[in-house]
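In this note's numbering, the protein residues as written are 937 to 1437.
Please read the structure below before turning to the comments.
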Ligand code: NAD
């Protein structure tokens, strides 16, 4: 990495080498807490993507990774986990500087990442293929083999976590990868790729092209040599990517938007539910796909829950993300801040009441993209603030009269990613969870993840699953082999009807 006028310059990483953009363009990455420049980064075009896909295709074809025995991939991925673990303090600071998330949150989140490499390394070593009950004198088996070159498009909200959820299974399964990280937060992706190289990942197996979605991202989606695209992003981006991929019959996994309900069942402990609902809504300043932004509470409990949530939201310490005491940082960009302000104004116009927040803090925070934690009361399910993904620190409290109505409100939305249910009766919680149309439901918790958990949405929240054994399988395809154990049939030597299947 070089510097110009004291600002770091990051290049693409292609075939194990740093490379400037073919046409020399760069773009800037800024710190959302104060608007200061963090780095200049190579701006990728179709030419850079073609080079990276070419490197990944060559690496796949010669088997330097795809044909390594599982135990070798296991060894190298464990080494990636070890080096990543050692680098986490610097990575957390760099990620906080680009995303604006409090260091405290990032330390907690990034501390989990090495587990993902170790979990999928173990799968590479232990995954058992199937011998099939194929009728007749045959031995038939189906093996899982890698897909080839896979393209990964990642968002800015959890750059390293989401990359890791895709990368660990992709590499464990033997694929080669081209990543196009978000234009807001490409730095830690480049750092991780460098660490993977140090750990012994062969050149060309993991390539990173930085740049914008409409140019570098679209070029990756249109390259016929790519066998799978794995996107985490907005629902509209999902439609664009799936359309481009469809032209070339490239398979797509898409983790898209969400608007998770936080359902407080009658009889739930309201202190616990209020703590859970505020955490679900405001962690990462509400910029998570599973943000709990629709709190559904029985009408008899609504006042008591709202009062508890407001007290907690007002106590959240908003400030410099690098200060270990900070609990809520800025939004990632001016665009996200404007979007949040627009939706709060819309909520007011729609007749909802701002119970707390609803403004940008001033003073020392005025130069960053900060917004106070905001809770809307008097919200109807049809309001735009209760239907659209805002992706800011804004949540809505809605009331229900009975559980059927609660189910109807929870499911009455185009998204179906996640939900949480708060209850003092686990069986009632599970019965309610069964009725929700979404891919992930927590009971008495929110936001918890694990490498073993299949992750993904229903309806407009996406298709396919990330992580878990399902996620590993999605980075493979089956290859069936049928071995005849007897004399082969000589079909044209006889007129007899021989059974072929
Ligand atoms: P985004 O859709 O703007 O971008 C995601 C990635 O796609 C970026 O790398 C971007 O450059 C690229 N991209 C954008 N347009 C493209 C195009 N036309 N062709 C190819 N690539 C393109 O999303 P974002 O703003 O970075 O992230 C926020 C969104 O991600 C939210 O909607 C959030 O809900 C969603 N998200 C979903 C999950 C999940 O697990 N379901 C997790 C995190 C974030």
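Virtual Cβ for every residue (Gly too), placed ideally from N, Cα, C.
Legend entry - Separation of residue 1008 from residue 1075, as counted between CA atoms: 28 Å
Legend entry - Under the three-state DSSP convention, the category residue 1332 falls into: strand
Inset, instruction - Return helix, strand or coil for residue 1001, following the three-state DSSP convention. - result: coil
Inset, instruction - Would you mind reading off the limits of the beta strand (DSSP E) that contains residue 1088? - result: 1085-1089
Inset, instruction - Report yes if the CB atom of residue 1207 is closer than 7 Å to the CB atom of residue 1088, and no otherwise. - result: no
Legend entry - From 975, 1139 and 1080, residue whose alpha carbon lies closest to that of residue 1406: 1080
Legend entry - residue 1191: first and last residue of the uninterrupted beta strand (DSSP E) it sits in: 1187-1191
Legend entry - residue 1165 beta carbon near the ligand NAD (any heavy atom closer than 6 Å): no
Legend entry - residue 1067, buried or exposed, once every other Cβ within 10 Å from all chains shown has been counted against 16: exposed
Legend entry - Whole-angstrom distance between residue 1225 and residue 1171, CA atom to CA atom: 11 Å
Legend entry - DSSP state of residue 1343 mapped onto helix, strand, coil: helix
Legend entry - C-alpha distance - residue 1078 paired with residue 1203, whole-angstrom precision: 51 Å
Inset, instruction - May I ask you to report which of helix, strand or coil DSSP gives residue 1120? - result: coil
Inset, instruction - Examine the ligand NAD and report whether any of its heavy atoms sits within less than 6 Å of the Cβ of residue 1089. - result: yes
Legend entry - Residue interval of the beta strand (DSSP E) (run including residue 1311): 1310-1313
Legend entry - Cβ contact (3+ pairs, closer than 8 Å) linking the region 1364-1377 and the region 1328-1337: no
Legend entry - Extent of the continuous beta strand (DSSP E) to which residue 1413 belongs: 1412-1420
Inset, instruction - Determine, using beta-carbon pairs with one atom in the region 1009-1017 and one in the region 1172-1179, whether at least three such pairs fall under 8 Å. - result: no
Legend entry - DSSP-derived helix/strand/coil call for residue 1171: helix
Inset, instruction - Let me know if residue 1245 comes out buried or exposed under the rule of 16 or more other beta-carbons within 10 Å of its beta-carbon. - result: buried
Legend entry - Bounding residues of the alpha helix (DSSP H) (the contiguous stretch that carries residue 1218): 1206-1218
Legend entry - Cβ-Cβ distance between residue 1164 and residue 1113 below 7 Å: no
Legend entry - heavy atom of the ligand NAD below 6 Å from residue 1176 C-beta: yes
Inset, instruction - List the endpoints of the continuous alpha helix (DSSP H) containing residue 1286. - result: 1270-1286
Legend entry - residue 1153 versus residue 980 - alpha carbon distance: 9 Å
Inset, instruction - Run the proximity test for residue 1092: is its beta-carbon closer than 6 Å to any non-hydrogen atom belonging to the ligand NAD? - result: yes
Legend entry - Given residue 970 as reference, the closest of 1305, 1323 and 1200 once Cα atoms are compared: 1305
Inset, instruction - Give me the Cβ distance between residue 1461 and residue 1391, rounded to the nearest whole Å; I'm assuming they're in contact under 8 Å. - result: With the chain running from 937 to 1437 in the structure shown, residue 1461 is simply not present.
Legend entry - Straight-line Cα distance separating residue 1423 from residue 1430: 15 Å
Legend entry - Nearest to residue 1248 (by Cα), restricted to the options 1264, 1259 and 1237: 1264
Inset, instruction - State the DSSP-derived secondary structure class of residue 1359, mapped to helix, strand or coil. - result: coil
Inset, instruction - Return the chain-ordered list of same chain residues with a C-beta closer than 7 Å to the C-beta of residue 1491, the five sequence neighbours on each side being excluded. - result: Residue 1491 cannot be examined here, being either before or after the span of the chain that is shown, 937 to 1437.
Inset, instruction - At 3 residues or longer, and completely inside the region 1129-1173: list those beta strand (DSSP E) runs for me, N to C. - result: 1142-1144 and 1162-1168
Legend entry - Bridge partners - residue 1199, DSSP secondary structure assignment: 1232 and 1357
Inset, instruction - Would you check if the distance between the CB atom of residue 1196 and the CB atom of residue 1228 is smaller than 7 Å? - result: yes
Inset, instruction - Out of 1277, 1303, 1032 and 1042, state which residue places its alpha-carbon closest to the alpha-carbon of residue 1442. - result: Lying outside 937 to 1437, the shown extent of the chain, residue 1442 is not represented and no answer is given.
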